[in-house]
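Read the structure below first, then the notes.
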Amino acid sequence: MHKIFAVSIKLEFDEKLGQIFTSNQCPVAEIVRPEGYYQDNSTVAKIIGDESFRNQSAAKLSGAVQVNTEVFDSDPSVEEDPEYWAAKFAPFHDYLKATFPRLFNEVLKVEKVNQWGLLLTWEGSDSSLEPIVLMAHQDVVPTQKATLDDWTYPPYSGHYDGERLWGRGSADCKNLLIGLLESSELLVDSGFKPQRTIIFAFGFDEEVGGERGARTISKRILERYGPNSIYAVVDEGGQSLVEQNDVYLALPGTSEKGALDVHVSVKTPGGHSSVPQGDHTSIGLLALYIHDLERSQFKGVFTPLNPTFHEYQCIAVHSPSLPADVKQAILDAEYNSKANKKAIDYLTNESLLSRFLISTSTAVDIINGGTKSNALPEYVEAVVNHRIAIESSVNETVEHDLRIAFKIARENDLGVKLNSKELKPVTEKGFFAIDYSDPLEPAPQTPVGDAKWKLLAGIIRHVYEEVSFPDNAKSPFKGIPVIVAPGIATGNTDTRYFWDLTKHIYRYRPGLNPTVETHAHGVDERILFDSHLQIIAFYYQFLQVVDNDRS
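Below you can see the structure in the form of structure tokens.
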């Protein structure tokens, strides 16, 4: 066993970053507990260890999973086809109301935004305190019919085997939604009456961008409370608990990569395939573009702008097994260009995940073109998805893709258009078109190191180290503290619509198993049920502490 020492740090303030960790130090958060925890911890003990409670909780989550709430990219708007949406979400709303009758009938103000978004308000007694917003989403990704036989249990069975609960939405993200309501139900039963208003924001189309759900809910909250009026927003995301280089890390997401879908098309004259118009058909030209695009991958960037920088600084400070040269390179990376390059090389080669945490990703996901084997294709298109690095921007990403289009266009005497604007004159041979809409810039940075961060980090340590393993012999930590560090995920969440409400947006869902082990979005999606119980325990404790916070 090795020792981990808390390191004192000087917090710096930067207008763009807010408060951040200094470059070469990583603090161990002090544990934070609700008042009276040592006098009475019977409720959290019941959540974690009582078999009857476990089974009741499993039944609640199982029932939620059994209600199919799939959404698709092609779904109509709510106004266009209200019956379509009612068929999906009316049964789920009915289930929630029947499962949590006291909350829905007595405790919460229930509002339906854009028909199926749920805005639930637990009014606090002190209106001078900023409300807290807790998020989850009701919808799930579709299950492909071709994969149904590959599932161990049917995707909407909600099967519980005593250890895991299986089914679509069990890990993303009905577990969080049900866990929030379960913790609230327990707080009500305990006599808890909040001083700080608690708002639950449950969208219904997060998996297809959140335009109908979270966007309209955030607008309602903004109209009601105003900009920068919210204590904090907490949603899914981040990495709950991972062991990396012999360090246990909890990584609340304090930013998100940007996102951009680029539609690349080539238009050329048609004709009979027996007389091609040159060396390349439009399909060949698009193939050249894709070839060059995939060979022109974005390089990694390792700076304090990215929460991943601080995550790896923490690993370097606390890991007993990270190679010494890598450790030193990471610790020196902010000020030493040679060390920075070595750190980038390490992250780029360590895993695909670490590579794309520090770089913009490129994925050609859709391609269409051609109608007949003896007809030259006049129009072909591809869709390229980028997840934009924290240090980059939409403009930088578009310029990167445009450079490749210009190169192929020059070599083949073609024009170039960007969002229908002609940048290089169209020729008789045709043109490249680059089109995009609704881009998402990288998210603003949540301050790290301030009082709210310390509270969140302290509760995370409390739940993992003091609550989750009442039998210390079964604890994986063996007396070693969990290190809470800022992180990011490679995807995006509904928090994109809540930036104007607060600087304090945390993307974090407690639990034991990393997301990859839950098969979220895939065949055999499931959750280790201990992780679900930790969600309930976390919010039961967290909401009590937040209610008393006056920072």
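Residue 417 in full-length UniProt numbering sits at position 417 of the sequence shown, and the numbers go up by one each step. Note that the Cβ used here is the ideal one computed from N, Cα and C, for glycine as well.
Taking C-beta atoms as the reference points, Gln138 and Leu177 count as a pair closer than 8 Å. In the DSSP assignment, Ile480 is bridged to no other residue.
Counting only residues of its own chain and dropping the five nearest sequence neighbours on each side, Ile283 has a CB closer than 7 Å to the CB of Gly369, Gly370, Pro377, Val380.
Here Gly271 is exposed: its Cβ has fewer than 16 other Cβ atoms, across all protein chains shown, within 10 Å.
A buried status is given to Gln541, since no fewer than 16 other beta-carbon atoms sit within 10 Å of its beta-carbon.
In this chain, the beta strand (DSSP E) harbouring Trp166 covers 164-166. Scanning the UniProt domain "Peptidase M20 dimerisation" (255-397) for uninterrupted alpha helix (DSSP H) segments of 4 residues or longer gives 282-295, 307-318, 324-332, 337-350, 352-357, listed from N- to C-terminal end.
Listed as beta-bridge partners of His137 by DSSP are Gly203. A straight line joining the alpha-carbon of Thr362 with that of Asn385 spans about 6 Å.
Residues of the same chain with a CB within less than 8 Å of the CB of Ile198, apart from the 5 flanking positions on each side, are Thr121, Trp122, Gly124, Pro131, Ile132, Leu134, Ser184, Leu543 in chain order.
For Leu180, the enclosing alpha helix (DSSP H) begins and ends at 174-189. At a Cβ-Cβ threshold of 8 Å, Pro252 and Leu456 count as neighbours. Glu206 is not a Cβ neighbour of Pro442, given a cutoff of 8 Å.
With contacts defined by Cβ atoms closer than 8 Å, Asn175 and His519 do not form a contacting pair.
When the beta-carbon positions are compared, Val416 and Ala409 come within less than 8 Å of each other. Contact check for Gly167 against Val65 passes: the beta carbons are separated by less than 8 Å.
For Asp94, the enclosing alpha helix (DSSP H) covers residues 82-99. By DSSP's assignment, Ile527 forms a beta bridge with Leu165. Collapsing the DSSP output to three states places Asp50 in coil. When DSSP states are grouped into helix, strand and coil, Val467 belongs to the helix group. In terms of Cα proximity to Ser57, the closest of Gly491, Asp494, Gly158 is Gly158.
Pairing Asp365 with Val383 gives a Cβ-Cβ distance under 8 Å. In this structure, the straight-line span from the alpha carbon of Lys503 to that of Leu286 is close to 42 Å. DSSP lists Val484 as the bridge partner or partners of Ala250. Per the C-alpha coordinates, the member of Gln25, Ser128, Ser420, Ile221 positioned closest to Asp549 is Ser128. For the segment 398-466, the continuous beta strand (DSSP E) assignments of 3+ residues that do not extend past its boundaries occur at 415-418, 421-424, 431-435, in sequence order. DSSP, read as helix, strand or coil, puts Leu129 in coil. Tyr38 is the residue among Tyr38, Ile344, Gly278, Ala259 whose C-alpha sits nearest the C-alpha of Glu466.
DSSP places Ser240 within a strand segment (E or B) once states are collapsed to three. Taking all protein chains shown into account, Asp150 has fewer than 16 neighbouring C-beta atoms within 10 Å of its C-beta and is therefore exposed. Ranked by Cα distance from Leu119, the first of Arg224, Gly300, Arg33, Gly449 is Arg224. Looking only at Val448, Val44, Asn55, Gln297, the smallest Cα-Cα distance to Cys26 is reached by Val448. The shortest C-alpha to C-alpha distance from Asn395 to any of Asp438, Ser74, Val242, Gly191 is the one to Asp438. The beta-bridge partner set that DSSP reports for Asp235 consists of Arg507.
Burial check for Asp279: the Cβ neighbour count within 10 Å stays below 16, so the residue is exposed. When beta bridges are read from the DSSP output, Leu148 appears opposite no residue.
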